[in-house]
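Take any residue in the sequence shown, count from 1 to its spot, add 1: that is its number in the working numbering.
Every residue gets a Cβ at the ideal spot worked out from N, C-alpha and C, and that includes glycine.
Below is one structure, written out as structure tokens; comments come after it.
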Amino acid sequence: MGQKRLSVFIVSIFLFSLVSSVQASEDSDIVAQFGTGFDEVVIADSTDGLFDPRDLEFHPGRTDELWIANRGDDSISIIHDTGLDTQYSQNREDSNSNHFLEEVSAIAFGAYHPEFDWQWGSAQETQNTYCGQGSPNQFMGPTLWPSSLSHFAVENQNNGNGLLGSHIDMNHQSPDGMGIAHDSGNAYWYFDGYYGELVYYDFQQDHDTGEDDHSDGIVHRYSDVQLTRNGGIPGHMILDKVSGILYIADTGANRILWVDTDSPVNTQNIMNDPSRMEPLAQYTRKTGVDWGVLDTGLGRPSGIALEGDTLFVSENGNGQIVAYD
2 MGQKRLSVFI VSIFLFSLVS SVQASEDSDI VAQFGTGFDE VVIADSTDGL FDPRDLEFHP
62 GRTDELWIAN RGDDSISIIH DTGLDTQYSQ NREDSNSNHF LEEVSAIAFG AYHPEFDWQW
122 GSAQETQNTY CGQGSPNQFM GPTLWPSSLS HFAVENQNNG NGLLGSHIDM NHQSPDGMGI
182 AHDSGNAYWY FDGYYGELVY YDFQQDHDTG EDDHSDGIVH RYSDVQLTRN GGIPGHMILD
242 KVSGILYIAD TGANRILWVD TDSPVNTQNI MNDPSRMEPL AQYTRKTGVD WGVLDTGLGR
302 PSGIALEGDT LFVSENGNGQ IVAYD
């Protein structure tokens with residue numbers, strides 16, 4: 002989301018929900034990234050496969066390549082040469098997306114991998130129903146994916162080899178995921194909407210495409226940071242990797258939180274907690290983390306992006322973007 006452009010591209014998406022105005026943290030301020038006005042240019046719509054889009058991220062390694070997550074059919078629309086005369090798109094849906102990308106709410110690019118290219122994590126707002134084919138069993142959480150176009154939604158696609166599509170890892174302690182942010186390596190922060198907590202996931206070593214050994218996963222529940230889900234509206238997150246501060250759109254509570262991810266914490270082993278749904282290397286509860294409320298009284302904050310020292314938050318409730326310096 003850190004790409005600078007001459008225009009503000011508006012994709013019909015709740016992340017930056019039908020922007021009608023831009024509001025600075027001080028009414029008299031001008032937001033430098035927007036200047037005194039902006040152009041609205043539709044660059045993607047249903048003809049590009051958009052179907053209830055929930056998040057969008059620029060690929061960190063391929064210029065002007067925009068990935069859009071579609072909750073409506075658990076697919077990804079990839080826009081190439083975004084905003085240029087040469088723009089074209091493709092839509093990809095993994096054969097096993099009804100679990101690994103079911104009701105996708107958020108995506109975040111992570112670390113580079115020599116085979117899988119830039120990996121990315123996804124959050125799923127579901128309690129695991131396989132798109133309504135089964136009863137919810139809470140076996141759900143973040144998924145790790147390849148962005149290599151020769152792997153994603155290409156490998157293990159209903160070919161009878163017994164492998165589970167092109168995902169490269171997953172853990173299952175957080176149903177109703179509302180947001181995800183990359184930390185480092187294969188570690189991500191997760192908005193657990195079912196238990197209402199901030200959770201840290203480290204997949205460690207991926208299990209390769211379509212496999213299912215998740216036993217090296219590390220999961221830490223930051224139970225002090227209580228989060229409130231508002232169904233159907235993502236609560237996006239972003240980590241400032243310089244300061245270690247994680248910013249969270251706590252949508253259901255109409256507030257923005259900050260968490261110092263580098264602060265010392267107390268650790269309790271919870272391997273016997275009923276929320277553990279699979280073998281793990283570590284499962285702990287972390288308490289005592291430094292955190293606070295950046296702002297409150299917002300209108301269902303959802304989208305969030307960090308550009309330099311400025312934090313941008315979109316309000317789903319009123320179509321505004323608020324900027325914090």
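Whole-number beta carbon distance between residue j and residue i, since they are thought to touch under 8 angstroms
| i | j | result |
| --- | --- | --- |
| G122 | H183 | 7 angstroms |
| Q206 | R277 | Their Cβ separation, rounded to whole angstroms, is 20 angstroms, which puts Q206 and R277 out of contact at 8 angstroms. |
| N71 | I79 | Wrong, their Cβ atoms sit about 11 angstroms apart, outside the cutoff. |
| N187 | A112 | 6 angstroms |
| N157 | L150 | With 8 angstroms as the limit, N157 and L150 do not qualify as a contact, their Cβ atoms being about 15 angstroms apart. |
| F117 | P147 | 3 angstroms |
| Q227 | G197 | 6 angstroms |
| T252 | R222 | Actually they are not in contact, since the Cβ atoms of T252 and R222 sit about 20 angstroms apart, beyond 8 angstroms. |
| E103 | Y131 | 7 angstroms |
| G180 | I69 | 16 angstroms between Cβ atoms; not a contact. |
| T83 | D56 | Wrong, their Cβ atoms sit about 15 angstroms apart, outside the cutoff. |
| Q34 | T311 | 7 angstroms |
| Q134 | P176 | Their Cβ separation, rounded to whole angstroms, is 16 angstroms, which puts Q134 and P176 out of contact at 8 angstroms. |
Cβ neighbour criterion (16 or more within 10 Å) applied to residue i
| i | result |
| --- | --- |
| T210 | buried |
| V23 | With a pLDDT of only 48 at V23, under the threshold of 50, the placement of this residue in the model should not be trusted, and no figure is reported. |
| Q120 | buried |
| P265 | exposed |
| V32 | buried |
| E316 | buried |
| G236 | buried |
| Y202 | buried |
| E27 | Note on E27: pLDDT 47, under 50, position unreliable in the model; the coordinate value appears next. Exposed. |
| M272 | exposed |
| E41 | exposed |
| L145 | buried |
| F17 | Confidence at F17 is low in this model, with a pLDDT of 42, below 50, so its placement is unreliable and no value can be given for it. |
| V43 | exposed |
| L85 | exposed |
| N231 | buried |
| P115 | exposed |
| G309 | exposed |
| V243 | exposed |
| G142 | buried |
CB of residue i within 8 angstroms of CB of residue j, strictly
| i | j | result |
| --- | --- | --- |
| T229 | A254 | yes |
| G304 | V314 | yes |
| N129 | H152 | no |
| S96 | A45 | no |
| D49 | G73 | no |
| D75 | S47 | no |
| D225 | G245 | no |
| F59 | L51 | no |
Interface flag, residue i vs chain C, CB-CB below 8 angstroms
| i | result |
| --- | --- |
| S148 | Among the chains in the structure shown there is no chain C, since it carries only a single protein chain. |
Count the C-beta pairs between the region 179-195 and the region 101-112 that are closer than 8 angstroms, then say yes if the count reaches three, no if not. Counting Cβ pairs under 8 angstroms, three or more are found: they touch.
Determine contact between the region 153-172 and the region 124-134, defined as no fewer than three beta-carbon pairs at a distance below 8 angstroms. Between the region 153-172 and the region 124-134 there are fewer than three C-beta pairs closer than 8 angstroms, too few to call the two in contact.
Take every Cβ of the region 270-287, pair it with every Cβ of the region 218-236, and state whether three or more of those distances are shorter than 8 angstroms. A contact exists between the region 270-287 and the region 218-236.
Given 8 angstroms, three or more beta-carbon pairs between the region 288-295 and the region 252-268: The region 288-295 is in contact with the region 252-268.
What residue ranges within the region 85-133 form continuous beta strand (DSSP E) runs of no fewer than 3 residues, ordered along the chain? Fully enclosed beta strand (DSSP E) runs of 3 or longer: 89-93, 105-114 and 118-125.
Could you tell me which uninterrupted beta strand (DSSP E) segments, each at least 3 residues in length, are contained entirely in the region 189-268, listed from first to last along the chain? Segments of the beta strand (DSSP E) lying fully in the region 189-268: 198-203, 219-227, 238-241, 246-251 and 256-261.
What beta strand (DSSP E) runs, 3 residues minimum, are completely inside the region 135-182? Those beta strand (DSSP E) runs which fall completely within the region 135-182 and span 3+ residues are 144-146.
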